[in-house]
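Data first, discussion second: the structure below is written as structure tokens.
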Amino acid sequence: MEKVIAKKKFGQNFLKDHTVLNKIIQSMPNNNNHIVEIGPGLGDLTKNLVKYKDTTAYEVDTDLIGILNSKFAKEIEEKRFELIHTDVLDAWEKKGSLYEGKYDLIANLPYYIATNIILRAFEDVNCENIIVMIQKEVAEKFSANEGDKEFSSLGVITKLVSKECRLLFDVPPESFDPPPKVTSSILYVSKDTNVELDKDFKKFLKACFSQPRKKLSKNLSSVIDKEFLSNIYNELNIKETLRPHEVSASLYSQMYTKVKNGKKRG
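The opening position of the sequence shown corresponds to residue 51 in the numbering used here, with each subsequent residue numbered one higher.
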């Protein structure tokens with residue numbers, strides 16, 4: 051079989067390390083959920099997933115679709131595996147969810163859209179657990195805690211929508227072909243499916259973290275009336291000197307509610 055060349059435009063790095071593949075499988079939650087994989091590549095992880103559960107995979111690259119269709123012809127015929135040839139973000143846009151029942155997202159994500167994919171998975175009510183390989187630096191932002199210098203809007207959102215979030219392990223560049231220039235990490239998020247964030251909450255966080263090293267009050271005073279902001283700080287007992295990464299996720303949520311209610315009244 052001719053060697054498949056990874057395409058830069060799709061952010062392709064094919065995971066080849068069997069130890070890593072096995073560790074991903076071992077970290078799968080013990081439940082009856084369907085599995086959704088994004089960017090199956092040459093099917094190395096897929097091959098392991100379909101042994102355990104019915105799987106749906108989304109692949110954008112036409113050249114890989116042919117390879118995957120022949121590699122998994124038996125599983126496709128037995129309806130244990132469905133391969134969908136589309137851009138996954140388009141699929142979310144059109145259908146609202148990547149699967150009609152409860153599912154877990156397990157994938158080696160292309161770096162360039164990994165953040166977007168995880169945020170969309172947070173919004174997808176059918177997605178319960180997320181086990182994804184992404185750039186270590188990005189994984190640390192999702193799993194950061196208040197006080198950590200990496201704590202940003204991504205960390206706040208993750209804290210609010212999850213029951214549990216942690217980094218499982220790192221994956222070195224040499225586990226891939228071609229090797230990326232950075233270390234990857236496996237991020238595990240167990241979602242709290244009862245939580246739905248207001249669509250304007252992300253805009254509020256964007257303002258909060260607009261200048262991460264400045265005081266939060268300074269960032270917010272450019273979009274909120276100073277006196278109104280001062281009242282919120284007093285009501286919630288927030289120190290005026292705090293920087294954005296020093297404020298907890300639940301405080302951000304409470305602040306947003308007060309800002310929203312105040313705007314309705316005003």
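In this text, a Cβ means the ideal position worked out from N, Cα and C, and glycines have one as well. Source: prediction; values computed, not measured.
Inter-residue Cα distance where the pair is residue i and residue j
i: A157; j: F278; result: 44 angstroms
i: L210; j: F201; result: 13 angstroms
i: F60; j: L95; result: Because the pLDDT of F60 is 46, which lies under 50, any placement of that residue in the model is unreliable, and the question is left without a value.
i: L266; j: F131; result: 48 angstroms
i: G170; j: W142; result: Checking the sequence, you will find Arg at residue 170 rather than Gly. The straight-line gap from Cα to Cα measures roughly 8 angstroms.
i: V245; j: P160; result: 27 angstroms
i: A175; j: S147; result: Strictly speaking, residue 175 in this sequence is Val, with Ala absent from that position. Distance between the alpha carbons of V175 and S147 is about 8 angstroms.
i: V297; j: E187; result: 21 angstroms
i: V70; j: L99; result: 13 angstroms
i: H295; j: K310; result: 22 angstroms
i: S303; j: I274; result: 16 angstroms
i: N281; j: E290; result: 11 angstroms
i: D137; j: E109; result: 7 angstroms
i: L286; j: K213; result: 24 angstroms
i: K253; j: S260; result: 10 angstroms
i: E127; j: S120; result: 11 angstroms
i: D16; j: K103; result: Nothing can be reported for residue 16: it is not among the residues displayed for the chain, which extend from 51 to 316.
i: D113; j: H135; result: 11 angstroms
i: K241; j: N81; result: 14 angstroms
i: L73; j: I288; result: Sequence check: residue 73 is Lys here, not Leu. Answer to the nearest angstrom: the Cα atoms are 42 angstroms apart.
i: S272; j: I75; result: 47 angstroms
i: M183; j: F172; result: 16 angstroms
i: N284; j: K97; result: 56 angstroms
i: G312; j: A299; result: 20 angstroms
i: G89; j: K124; result: 20 angstroms
i: G151; j: K129; result: 16 angstroms
i: A257; j: K101; result: 46 angstroms
Own chain, CB closer than 6 angstroms to residue i, minus 5 neighbours either side, in chain order
i: L133; result: A107, L118
i: P223; result: P229, P230
i: G91; result: F64
i: Y238; result: I181, R216, L218
i: L292; result: L266
i: F122; result: F131
i: L301; result: none
i: F251; result: Y306
i: K66; result: D227
i: V86; result: T106, L148, Y149, Y153, L155
i: L204; result: K191, F192
Delimiting residues of the beta strand (DSSP E) encompassing residue i
i: T233; result: No beta strand (DSSP E) contains T233, which DSSP labels as neither H nor E.
Opposing strand residues paired with residue i [DSSP bridges]
i: F64; result: D227
i: R216; result: Y238
i: N158; result: M183
i: A107; result: E87, L133
i: V221; result: S234
i: Y302; result: Its beta-bridge partners do not exist; DSSP assigns none.
i: C177; result: Y153
Opening and closing residue of the alpha helix (DSSP H) in which residue i lies
i: E285; result: 276–286
i: N98; result: 94–102
i: L139; result: 138–145
i: I115; result: 112–121
i: K209; result: 203–211
i: S77; result: That residue, S77, is in no alpha helix (DSSP H); it is neither H nor E in DSSP.
i: K252; result: 251–258
i: L266; result: 266–271
Contact set for residue i: own chain, Cβ-Cβ below 8 angstroms, skip 5 residues either direction
i: S77; result: I181, L218, I236, Y238
i: N166; result: L139
i: I115; result: E109, L133, H135
i: D248; result: Y306, K310
i: H84; result: K103, D104, T105, T106, Y149, G151, K152, Y153, D154
Contacts around residue i, its chain only, beta-carbon distance under 7 angstroms, and the 5 residues preceding and following it disregarded
i: R263; result: R293
i: S225; result: L65, K66, D67, V70
CB-CB length for residue i against residue j, believed under 8 angstroms
i: V232; j: Q185; result: 5 angstroms
i: V178; j: T105; result: The question names Val, but residue 178 in the sequence shown is Glu. About 15 angstroms; that fails the 8 angstroms criterion.
i: L255; j: V206; result: 6 angstroms
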